[in-house]
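The structure appears right after this line, and notes come after that.
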Amino acid sequence: MTPVTPVTPVTPVTPAVPVTSAAPRIAVVGAGMAAARFAERYGALGGPGRVTVYGAEPRAPYNRVLLTEVLTGRYDAESIALPLGGAEVRPGCEVAALDTAARKLRLADGSVEPWDDLVLATGAGPAMPPVRGLRGPDGYRLAGGVHTLRTLEDCAGLAEEAVGARRAVVIGGGVLGVSAARALAALGIRTDIVHQAGHLIERQLDGQAAAVLRERLRTLGVECHTGSRARAVHTGPGAPPPGGRRRVEAVELADGHRLDCDLVVLACGTRPRTALARAAGLPVATGVLVDDGLGAAPNVHAIGDCAEHRGTVHGLAGPAWEQADVLARRLSGADPDARYPGTSPRARLSTGGLEYAAFGAVDETDDPGLDVLRLTDATRGSYKKLVLRGDHLVGAILLGDLATVDALAGAFAAGGALAGHPLHLLTGGTAMTGVVR
Ligand SMILES: Cc1cc2nc3c(=O)[nH]c(=O)nc-3n(C[C@H](O)[C@H](O)[C@H](O)COP(=O)(O)OP(=O)(O)OC[C@H]3O[C@@H](n4cnc5c(N)ncnc54)[C@H](O)[C@@H]3O)c2cc1C
6 MTPVTPVTPV TPVTPAVPVT SAAPRIAVVG AGMAAARFAE RYGALGGPGR
56 VTVYGAEPRA PYNRVLLTEV LTGRYDAESI ALPLGGAEVR PGCEVAALDT
106 AARKLRLADG SVEPWDDLVL ATGAGPAMPP VRGLRGPDGY RLAGGVHTLR
156 TLEDCAGLAE EAVGARRAVV IGGGVLGVSA ARALAALGIR TDIVHQAGHL
206 IERQLDGQAA AVLRERLRTL GVECHTGSRA RAVHTGPGAP PPGGRRRVEA
256 VELADGHRLD CDLVVLACGT RPRTALARAA GLPVATGVLV DDGLGAAPNV
306 HAIGDCAEHR GTVHGLAGPA WEQADVLARR LSGADPDARY PGTSPRARLS
356 TGGLEYAAFG AVDETDDPGL DVLRLTDATR GSYKKLVLRG DHLVGAILLG
406 DLATVDALAG AFAAGGALAG HPLHLLTGGT AMTGVVR
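Final position of the sequence shown in this note's numbering is 442; the numbers increase by one with none missing.
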């Protein structure tokens, strides 16, 4: 995860080459976080082409990471808009088909647009868990009170139904589930998280960090049911209102336990949106397969949540931006040979009284060659851990106190052997946080 702060715009510079009718046409499919970052960086680097960003959503790109802050009312929709450099953005323009041989794309309204380079940035959609009763009688729309949280429209729908709601269940206890639950609790709604894994955010936190987080959530009005699976969503009896849907009343767990609620949020991960690429004959596994130059085929590139690089689909804003930066350097001509080497796991959440950062491999249990330094302060709700191989840092967690996060991030990015005692990376000492290469 990356910090949940608005993205800082890069100062635009004058394009090195004036945009002319002969300028290359770069079509970006998808107007999300990766697309915005690419367009903004491409403009800032003086790329000579004309960039057009086609987006299925009815608005220009925004910082999706801040959606839960929009839910709590801390930000409004306008304040999370992302800069786009000089690119043309066409919201409400879904790309329906690609012809990579003729270098054309077809929009949902039937019009056809040519391109010289294509950037796929179609992102990901919410994964639907196998839970009975999630959908209404048409088998398509979600039951009343059941929501996903991926777009500003989802956020508005959830905010509307949150008015007057008293109890909510969030299915999924990863970072999205935890932030959604925290936001609902901030609205005064008693919230339960149901999470199948043994502890919260298990991809980034170890069991002890998750236990501290769980306690913190409890004080904010969120109860966690880990190692627990939602089996069914129950809606109210009787006929639904005309044109309406029956409203959710409870979530049933696999052990038969029932959690009464009037809202359900599904936060069970995401699936890369690859249908367009697949239909165009591009290489797709879980995501659109790209090489280190972020190419999927000649003049076709993919970045962000839809891209799969060296077997990894990140599904996070940080790697999406790094990929966008590399591609902007390549296509603008600033560095035609720029390569994306991958992003080592790191995550950061900072939202309404909950904050953590995690870097690299945080679980030492299966590797006897690793050492661990740990500091826990139960009264202040903080937990800090370093995982070391000899004098090399291989992983770290900071939860509840991020005072040393920059020093840790620096040491992590630099790699190499730590100079001095690593404890200083947890306590904030100054002299010993350097790195020996
Ligand atoms: C509530 C929430 C909180 C999050 N918190 C964090 C966090 O703390 N840290 C973090 O790192 N990540 C977080 N994420 C994940 C992060 O938002 C994504 O990794 C990031 O948005 C990926 O950017 P993207 O451009 O690849 O995809 P998206 O931002 O999803 O954008 C893809 C866009 O493409 C559009 N599109 C798809 N198909 C087409 C088509 N055929 N034609 C036109 N447009 C199309 C979609 O409508 C969408 O607008 C969070 C996500 C959510 C929902």
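We put the beta carbon where it would ideally sit given N, CA and C, even for glycine.
Discussion item. According to DSSP, simplified to helix, strand and coil, what is D260?
Written reply: Note: D260 maps to coil in three-state DSSP.
Discussion item. Count Cβ pairs between the segment 349-365 and the segment 385-405 that sit closer than 8 Å; are there 3 or more?
Written reply: Contact holds between the segment 349-365 and the segment 385-405, because three or more Cβ pairs, one in each stretch, are under 8 Å apart.
Worksheet item: Around the Cβ of L428, are there at least 16 other Cβ atoms within 10 angstroms (buried) or fewer (exposed)?
Response: Residue environment for L428: exposed (fewer than 16 other C-beta atoms within 10 angstroms of its C-beta).
Discussion item. Taking contact to mean 3 or more Cβ pairs, one atom from each stretch, closer than 8 Å, check whether the segment 138-148 and the segment 156-175 are in contact.
Written reply: Short answer: they don't touch.
Discussion item. Are there any heavy atoms of ligand 1 lying less than 7 Å away from the beta-carbon of S184, as far as the coordinates show?
Written reply: For ligand 1, at least one heavy atom lies less than 7 Å from the Cβ of S184.
Worksheet entry | DSSP three-state assignment for R442, whether helix, strand or coil | Residue placement at R442 cannot be trusted, given a pLDDT of 28 that sits under 50; the coordinates are not used to answer.
Worksheet entry | Residue burial classification, G433 (beta-carbon count within 10 angstroms, cutoff 16) | With fewer than 16 other Cβ atoms from the protein chains shown falling within 10 Å of its own Cβ, G433 counts as exposed.
Worksheet entry | Top-ranked residue by Cα proximity to T127, from A61, V56 and G374 | When each option's Cα is compared against that of T127, the closest is A61.
Discussion item. Between which residues of its own chain and L258 is the CB-CB distance below 8 Å, once the five residues before and five after are set aside?
Written reply: Cβ within range, chain order: V199, H230, S233, R234, A235, R236 and L264.
Worksheet item: Given D81, which residues of its chain have a CB within under 8 Å of its CB, disregarding the five upstream and five downstream residues?
Response: Closer than 8 Å at the Cβ level, and outside the excluded window around D81, lie V75.
Worksheet entry | Near ligand 1: D310 beta-carbon under 7 Å from a heavy atom | Yes, since a heavy atom of ligand 1 falls inside the 7 Å radius drawn around the Cβ of D310.
Discussion item. By the three-class DSSP mapping on this structure, what secondary structure does H429 have?
Written reply: Helix at H429.
Worksheet item: Going by C-alpha distance, which of V151, L87, T291 and A65 is nearest H319?
Response: It is T291 whose Cα lies nearest to the Cα of H319.
Worksheet item: What is the rounded straight-line gap between the Cα of S84 and the Cα of T156?
Response: As the crow flies, the alpha-carbon of S84 is around 15 Å from that of T156.
Item to complete: Grab me the residues of G400's own chain with a C-beta within less than 7 Å of its C-beta, minus the 5 sequence neighbours each way, in chain order.
Response: Non-local C-beta neighbours of G400 in its own chain, meaning closer than 7 Å and more than five positions away in sequence, comprise F364, G365, A366, V367 and V392, ordered along the chain.
Discussion item. Below 7 Å, is the gap between the Cβ of L72 and the nearest heavy atom of ligand 1?
Written reply: The answer is yes for L72.
Fill in: Secondary structure of A422, DSSP reduced to three states
Secondary structure of A422 (DSSP, three-state): strand.
Worksheet item: Quick one, which of V100, P63, G138 and Y59 has its alpha-carbon nearest A92's?
Response: Looking from the CA of A92, the closest CA among V100, P63, G138 and Y59 belongs to Y59.
Item to complete: For S387, collect the residues of the same chain with a Cβ closer than 6 Å to its Cβ; drop the 5 residues on either side in sequence, then sort them by chain order.
Response: If we look at S387 and ignore the five residues flanking it on each side, its Cβ neighbours are G405 and D406.
Fill in: Spatial neighbours of V180 in its chain, beta-carbon cut-off 8 Å, leaving aside the 5 residues before and after
Result list for V180: M6, I206, Q209, A352 and L354, in chain order.
Practice prompt. Would you check if the segment 183-199 and the segment 291-301 touch, i.e. whether three or more CB-CB distances between them fall below 8 Å?
Written response: Touching, no.
Worksheet item: Can you check whether the CB of A255 is closer than 8 Å to the CB of L5?
Response: With the chain running from 6 to 442 in the structure shown, residue 5 is simply not present.
Item to complete: Would you check if the distance between the CB atom of P134 and the CB atom of C273 is smaller than 8 Å?
Response: When the beta-carbon positions are compared, P134 and C273 come within less than 8 Å of each other.
Fill in: Beta bridge counterpart(s) of V360 as assigned by DSSP
Looking at the sequence provided, one finds Glu at residue 360 rather than Val. According to DSSP, E360 bridges with S355.
Worksheet item: For A1, which of V34, V33 and A39 has the nearest alpha-carbon?
Response: Only positions 6 to 442 of the chain appear in the structure, and residue 1 is not among them; the question remains open.
Worksheet item: Below 8 Å between beta carbons: does that hold for G35 and R69?
Response: At the C-beta level, G35 and R69 stay beyond 8 Å of one another.
Worksheet item: Among all the DSSP beta bridges, which residues are the ones paired with E93?
Response: Beta-bridge analysis with DSSP links E93 to T57.
Discussion item. Taking 7 Å as the cut-off, is the beta-carbon of V100 closer than that to any non-hydrogen atom of ligand 1?
Written reply: Placement of the Cβ of V100 at a distance of less than 7 Å from at least one heavy atom of ligand 1 is found.
Worksheet entry | Start and end residues, beta strand (DSSP E) containing L268 | Here the beta strand (DSSP E) through L268 covers L268 to L271.
Worksheet item: Going by the beta-carbon positions, is the gap between T105 and A285 smaller than 8 Å?
Response: Inclusion of T105 and A285 in the CB contact set at 8 Å is warranted, their separation being smaller than that value.
Worksheet item: For A21, which residues of its own chain have a beta-carbon under 6 Å away from its beta-carbon, when the five flanking residues on both sides are left out?
Response: With a pLDDT of only 39 at A21, under the threshold of 50, the placement of this residue in the model should not be trusted; the figure read from the coordinates follows. Exclusion of the five residues before and after A21 leaves G51 as the residues of its chain whose Cβ lies within less than 6 Å of its Cβ.
Fill in: Buried or exposed by the 16-neighbour rule on C-beta atoms within 10 Å, applied to R314
The sequence as given places His at residue 314; Arg does not occur at that position. Buried.
Worksheet item: So what's L218 in DSSP terms, helix, strand or just coil?
Response: L218 sits in a helix when the DSSP states are folded into three classes.
Fill in: Closer than 7 Å: T348 CB and nearest ligand 2 heavy atom
In terms of ligand content, the structure shown lacks ligand 2 and carries ligand 1 instead.
Worksheet entry | Residue nearest to V183 in terms of C-alpha spacing, selected from R172, T196 and R171 | Closest by C-alpha distance to V183, out of R172, T196 and R171, is T196.
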